[in-house]
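Worksheet: the structure to be examined is printed underneath.
Residue numbers (mature numbering (1 follows the signal peptide of the UniProt record, and there is no 0)): -22 to -1, 1 to 570.
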């Protein structure tokens, strides 16, 4: 499923070159190393670089847009040098086409990359489209108090200029495209979206930008742009070790293949793919971590020569070839937090060849009711502050109810003992290879459990796992209680009004997740205890409790599982609100 931005760009090409749009040969098979030589030419007409510019000698180019027709001197020009660099005065990225005229004098054609786009016409042919303007004299007539006024005016006329560039080889063609994208994304144009005379230069606002708040995205990319947070994830040896094993145990899926690392972060998964024999890896990363990833990859040259780091969002960047396999770590708390799974699915639709593999392949959200009297009392006691009648002469009790509900709107993230679960778990499956992005906007899971013990149910416990469905080995990464702890821990949604259940009683309900623009979800939870015992089939709901929680604002409680409290210990602690319990179901969680 192509995103809206890509579809619009294709329409733009049809408007400019209706015949050329049908030419779209398969991409070249071997990704090249770009020829970089920042001091190849001392020509003063070449742009002053922001960094080492990319040079491409002996290219040919020609104008294909109407406004350039009068400039015959620049049509069908061969033997030119294409140079990417920065404008000497403004620093904005530019593409310069430099060639010698009949008198051996140097000529330069400048293309501002800030509002330009590039379209592939053939294996070595590209169409560069940019917005231009020119001043035109005009005459304006106005009537003022019955008198005709004639004014000379100078107007700016906007149009789009299209330049066809032909490279010598497919390798240089691919390198030219990557250089164009990398230099272009160094600046945000202020001209995006303006109508032009013979086409429209579409703004770079992607699908990501339309559904995510700018402030949330800024904080998100800032967070993951810091090495200390990358270190936290790398030191999760369950996570990192499972990815390494999944890749190395399935070398046949990577050897000689093109891989795209979606949200590459430090680049560790790209390096794993290169170790497994990938022909080339494109590491796409939108945060400032892309610079760190480039340094890490360059510091491992035997692997890095087959890895290209591309800074940008997967919704926006273009790649010179399709991928045989996608690899990513898109999981957040409760699997879906941060909404990166949507980007993972978009990357599948944009970059993956039909039948290509995805690592991970499938995700499952597991759920089970739990009983934890200590946790419930801890959360309720947080609101006791607001029960003060004389806080410096002020009665705080009018806010106690709101504060109480506020604390219970926070999901609790910690590691808990699996014996706190009241029934066997159920799970909801997300197949990343077939699901649509829109299916992640709302996730609706009907709940149905049978209590194994008689107790108070304090809410719903959740965790997730993902499957790496390799051709050789199928490997799971799990965050289940009782398994080695990961940096995701587990998550529990607490009911402000617990339910009383007996062994064998049915617990029903609904878990409804609704995505929002702050890159997270609002959780709507309903749990009900049904009639039980003899004649229950004629009965209905005994009691119902609901909760509304904000996944983006959890309560991070403990880093390690709490000790399991036996029935005798609970009685000694004098917690009369906890009902006498029979031995809890001895929960053991295993993979399919």
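The C-beta atom is built at its ideal place from N, Cα and C for all residues, glycine as well.
With 16 other Cβ atoms within 10 Å as the buried cut-off, status of residue i
| i | result |
| --- | --- |
| residue 241 | buried |
| residue 355 | exposed |
| residue 401 | buried |
| residue 320 | buried |
| residue 345 | buried |
| residue 477 | buried |
| residue 160 | buried |
| residue 375 | exposed |
| residue 546 | In this predicted model, residue 546 has a pLDDT of only 47, less than 50, meaning its place in the structure is not dependable; the value taken from the coordinates is given anyway. Result: exposed. |
| residue 367 | exposed |
| residue 443 | buried |
| residue 215 | exposed |
| residue 235 | buried |
| residue 197 | exposed |
| residue 202 | buried |
| residue 438 | buried |
| residue 286 | buried |
| residue 245 | buried |
| residue 534 | exposed |
| residue 283 | exposed |
| residue 192 | exposed |
| residue 420 | exposed |
| residue 468 | buried |
| residue 228 | buried |
| residue 71 | buried |
Nearest-angstrom Cα separation, counted from residue j out to residue i
| i | j | result |
| --- | --- | --- |
| residue 296 | residue 432 | 57 Å |
| residue 388 | residue 466 | 16 Å |
| residue 572 | residue 294 | Lying before the first or after the last residue shown, residue 572 is absent from the chain, which here runs from -22 to 570. |
| residue 329 | residue 260 | 11 Å |
| residue 188 | residue 41 | 34 Å |
| residue 28 | residue 213 | Reliability of the predicted coordinates at residue 28 is poor, the pLDDT of 36 falling under 50, and no value is obtained from them. |
| residue 99 | residue 220 | 42 Å |
| residue 305 | residue 326 | 10 Å |
| residue 185 | residue 371 | 53 Å |
| residue 450 | residue 200 | 38 Å |
| residue 144 | residue 91 | 18 Å |
| residue 32 | residue 103 | 18 Å |
| residue 520 | residue 395 | 28 Å |
| residue 230 | residue 448 | 9 Å |
| residue 207 | residue 274 | 16 Å |
| residue 505 | residue 490 | 12 Å |
| residue 101 | residue 37 | 14 Å |
| residue 157 | residue 536 | 47 Å |
| residue 332 | residue 384 | 47 Å |
| residue 502 | residue 527 | 7 Å |
| residue 508 | residue 272 | 58 Å |
| residue 453 | residue 302 | 19 Å |
| residue 532 | residue 390 | 6 Å |
| residue 264 | residue 289 | 5 Å |
| residue 58 | residue 73 | 12 Å |
| residue 107 | residue 95 | 5 Å |
| residue 249 | residue 257 | 12 Å |
| residue 148 | residue 270 | 30 Å |
| residue 233 | residue 253 | 9 Å |
| residue 190 | residue 446 | 29 Å |
| residue 470 | residue 440 | 6 Å |
| residue 379 | residue 464 | 35 Å |
Nearest-angstrom beta carbon gap, residue j and residue i [assumed within contact, 8 Å]
| i | j | result |
| --- | --- | --- |
| residue 407 | residue 342 | 5 Å |
| residue 86 | residue 76 | 5 Å |
| residue 243 | residue 267 | 6 Å |
| residue 525 | residue 386 | 6 Å |
| residue 262 | residue 292 | 5 Å |
| residue 154 | residue 337 | The pair is not a contact, with the Cβ atoms about 31 Å apart (cut-off 8 Å). |
| residue 152 | residue 298 | 4 Å |
Within-7 Å CB hit, residue i to chain B
| i | result |
| --- | --- |
| residue 509 | Of the protein chains in the structure, only one exists, and it is not chain B. |
Proximity test, residue i beta-carbon vs the ligand MG heavy atom, cut-off 6 Å
| i | result |
| --- | --- |
| residue 338 | Among the components of this structure there are no ligands whatsoever, and the ligand MG is therefore not found. |
Legend entry - Any alpha helix (DSSP H) of 4 or more consecutive residues that is wholly inside the stretch 338 to 412: With a minimum length of 4 residues, the continuous alpha helix (DSSP H) runs that stay inside the stretch 338 to 412 are 351 to 359 and 378 to 385.
Inset, instruction - Please confirm if the stretch 413 to 432 is in contact with the stretch 457 to 472, defined as three or more CB-CB distances below 8 Å between the two stretches. - result: Because the criterion of three Cβ pairs below 8 Å is not met, the stretch 413 to 432 and the stretch 457 to 472 do not touch.
Inset, instruction - Give a yes or no on contact between the stretch 346 to 360 and the stretch 310 to 322, applying the rule of three or more CB pairs nearer than 8 Å. - result: Judged by Cβ distances under 8 Å, the stretch 346 to 360 makes no contact with the stretch 310 to 322, as fewer than three pairs qualify.
Inset, instruction - Take every Cβ of the stretch 482 to 498, pair it with every Cβ of the stretch 424 to 439, and state whether three or more of those distances are shorter than 8 Å. - result: The stretch 482 to 498 makes contact with the stretch 424 to 439; the number of CB pairs closer than 8 Å reaches 3 or more.
Inset, instruction - Let me know the beta strand (DSSP E) ranges lying completely inside the stretch 477 to 515, each 3 residues or longer, listed in chain order. - result: Taken in chain order, the unbroken stretches of beta strand (DSSP E) that lie wholly in the stretch 477 to 515 and span 3 residues or more are 484 to 494 and 498 to 508.
Legend entry - alpha helix (DSSP H) runs contained entirely in the stretch 264 to 306, provided each spans 4 or more residues: The stretch 264 to 306 contains these whole alpha helix (DSSP H) runs: 267 to 276 and 279 to 282.
Inset, instruction - Could you name each continuous alpha helix (DSSP H) segment of 4 residues or more that falls completely within the stretch 202 to 274, going from the start of the chain to the end? - result: Runs of the alpha helix (DSSP H) lying entirely within the stretch 202 to 274 and spanning at least 4 residues, in chain order: 205 to 212, 215 to 226 and 246 to 253.
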